[in-house]
Structures are given as C-alpha cells and as structure tokens.
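Following this note's numbering, the numbering of the sequence shown begins with 4 at its first residue and continues without gaps.
Virtual Cβ for every residue (Gly too), placed ideally from N, Cα, C.
For reference, the structure is listed below as structure tokens.
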Amino acid sequence: MEQEFKLTTEPKTSEVSARKKALLLGRQLGLASDETYKASNASVTERCMHRQQKLNNQYQVNLETIYKLALGYTPSDVTGADLDPDWSHQFFQMAEQIHNRKMQDLWARILASEIANPGNFSLRTLATLKQLTHREALVLEKALGMAAKINGEQRLKLINGYKISGGIGQFFRKSNTVNLALSQFGMPYSNILTLVDAGILYRSEFETGLLSSKESIKLNFIDHQITLTPKNGHLLFSYYRFTSIGDELAQLVPPKPDSEYERNLKSSFAKDFKIG
4 MEQEFKLTTE PKTSEVSARK KALLLGRQLG LASDETYKAS NASVTERCMH RQQKLNNQYQ
64 VNLETIYKLA LGYTPSDVTG ADLDPDWSHQ FFQMAEQIHN RKMQDLWARI LASEIANPGN
124 FSLRTLATLK QLTHREALVL EKALGMAAKI NGEQRLKLIN GYKISGGIGQ FFRKSNTVNL
184 ALSQFGMPYS NILTLVDAGI LYRSEFETGL LSSKESIKLN FIDHQITLTP KNGHLLFSYY
244 RFTSIGDELA QLVPPKPDSE YERNLKSSFA KDFKIG
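Here's what the structure looks like:
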C-alpha cells in the first residue's frame with residue numbers, strides 16, 4: 004500500500020507563563036474546577052474518578068480520530084484481511100494514548116495498511132512507534148532522506164564514508180578513511196544516538212566487504228540511483244544500518260531527497276571511485 008505521509012513542524016502555540024501551564028495541568032489531574040465539577044468539594048475518590056473519566060474520554064477521541072483517518076487511507080478496490088486478534092488488541096491499547104495529530108496519522112496508515120496487506124508492522128514496531136516523539140519522527144525523516152539500498156538490497160543503510168584497506172596506495176595518504184560529516188546535513192551524532200536509543204539504528208558502525216574494482220555498485224536513493232565503480236580493490240564502505248524496526252517505520256515516512264548530501268558524497272568519493 005503506497006504511503007505518502009509527510010512530517011511537518013507543528014505551529015507554535017501562543018506563549019504562556021510556566022505557572023499558567025502548571026495550573027492547566029490541574030484539569031488533567033482533577034484538581035481544577037470546571038462548569039459541572041468542583042474539585043474543592045470532591046473527595047479523593049471523586050477526584051480520581053473525574054480524572055479517569057477525562058482520561059478515558061480523551062482516549063476514546065484519540066481512537067476515533069485514528070479510525071476516521073484510517074478509513075480515508077483504506078482502498079475499496081483491494082480485498083481486505085481480518086486483523087490478527089492479538090495484534091489488533093495491542094494496536095488499540097497503544098493507539099489510544101497517541102495524542103499528537105501527526106502521529107495519529109501514522110497510526111491510521113498502519114491500521115489501513117494492515118487491513119489491506121497484513122504482516123507489514125510487527126508489535127515490536129508498534130511499541131517503538133508509541134514511544135516515538137514528533138521530534139524523533141522528524142529526525143527519522145531526515146535520516147531516511149540520506150539512506151540508500153546497495154545493489155538492490157532490502158535493508159537501508161546510511162553511508163558515512165569509506166576506507167582504504169591494503170594496497171600500496173595507503174602508504175601515500177595522510178588518512179586511510181574518508182568520512183562524510185553527516186552533521187553538515189542536519190544529522191549530528193546526537194541525532195544518530197536518538198535513533199539508536201529508539202531502536203531504529205544499530206549502535207555500531209558497519210563495513211562492507213572489499214568492493215570489487217570489476218563491478219559497479221548501485222546506490223538506490225529515494226527517487227534515483229548513483230553508480231560507483233571502485234578504482235582499486237582495496238575499498239570498502241562504512242555505514243549505519245537500520246534495524247528491522249527502522250525498515251518497517253520507513254514505509255510510513257516517505258522522506259525528501261537530500262541533494263546536498265548526495266552531492267557531497269559524489270565529490271568526496273570521486274578520488275577513489277568512478278561516479279556514474
């Protein structure tokens with residue numbers, strides 16, 4: 004099922020004092036009065052029940068919003084499938100606690116996708132998504148804009164440079180490593196760690212095996228492809244690898260191509276690779 008979701012920064016709300024925001028929390032805790040409820044006259048049990056009712060009402064609103072959005076994404080020309088009962092139960096338990104409108108849209112797309120083509124999103128991915136903040140989702144969107152699949156592989160990789168391993172040429176270089184400064188493109192190491200902590204990227208850097216100088220490597224980005232041919236047989240890529248959860252979430256967040264990153268990759272790799 005095609006996904007066309009785009010994350011945008013939410014508009015800023017009007018600025019209010021910290022004290023006013025703290026007082027507003029009283030409504031969520033049942034400690035502030037409203038038209039039909041006087042907190043000062045209520046017992047602890049009554050305040051607890053009032054708070055729980057407000058919470059349950061909000062959960063119901065969240066579920067109804069996600070469901071209505073999902074209806075808009077569910078195709079009428081595809082045979083639907085019955086959801087796995089365990090998956091469905093866990094989905095709605097987690098989805099009711101999603102308050103952010105942009106994140107609700109993500110959950111709606113998952114539900115629609117599973118009805119049309121079940122098995123794309125595991126419960127582990129749902130658990131990760133539930134913990135994902137809107138800011139973290141924006142970081143994921145940025146990382147996906149720089150990610151590529153090598154030679155048609157299904158796993159996404161965030162290439163951050165290459166190394167020279169062996170050969171006489173390495174003795175004539177100041178460094179055997181060529182690094183792409185990902186921070187230049189809005190992906191500082193703190194953002195890498197954010198995705199690692201969220202279970203979207205593996206913590207360690209990976210390396211390919213030595214690349215054959217007789218074979219071209221195709222880097223498949225979002226909407227186009229770059230071909231690299233090693234000038235010798237002593238080169239290998241270094242990269243961050245997306246986890247299976249990261250690959251599943253990638254289906255939900257179509258990113259914008261990062262042309263600046265790709266231009267930098269080409270210029271940085273040109274010394275040791277033929278660029279096609």
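Query: Whose CA, out of Glu99, Leu196, Arg127, Asn120, lies closest to the CA of Val142?; Result: Leu196
Query: Tell me which residue opens and which closes the beta strand (DSSP E) that Arg244 is part of.; Result: 238 to 244
Query: If you count every other CB in all the chains shown that lies within 10 Å of the CB of Pro233, and 16 or more means buried, which is it?; Result: buried
Query: Expressed to the nearest angstrom, what Euclidean distance is found between the alpha-carbon atoms of Met190 and Ser43?; Result: 50 Å
Query: Using 9 Å as the threshold, is the C-beta distance between Phe272 and Leu231 below it?; Result: yes
Query: Pop quiz: Ala150 and Phe245 are said to be a contact at Cβ under 8 Å. What is the actual Cβ separation, rounded to whole angstroms?; Result: 7 Å
Query: Please check the pair Lys183 and Gly249, which I expect to be a contact at CB under 8 Å, by giving their CB distance rounded to whole angstroms.; Result: Reading off the sequence, residue 183 comes out as Leu, not Lys. Between Gly249 and Leu183 the Cβ distance is about 19 Å, and since that is not below 8 Å, they are no contact.
Query: Put Gln93 into one of helix, strand or coil per three-state DSSP.; Result: helix
Query: Distance check for Gly236 and Thr136, CA to CA, integer angstroms please.; Result: 43 Å
Query: Just to confirm the assignment: which complete alpha helix (DSSP H) runs, minimum length 4, are found wholly within the stretch 135 to 207?; Result: 137 to 147, 192 to 200
Query: Return the residue from the list Leu129, Val81, Glu117 that minimises the CA-CA distance to Ala98.; Result: Leu129
Query: If you compare alpha carbons, which of Ala111, Met52, Cys51 is closest to Tyr76?; Result: Ala111
Query: Kindly indicate which three-state DSSP category Thr232 falls into: helix, strand or coil?; Result: strand
Query: Residues in the same chain with beta-carbon distance under 7 Å from Asn154, minus the five sequence neighbours each way, listed in chain order, please.; Result: Ile220, Lys221
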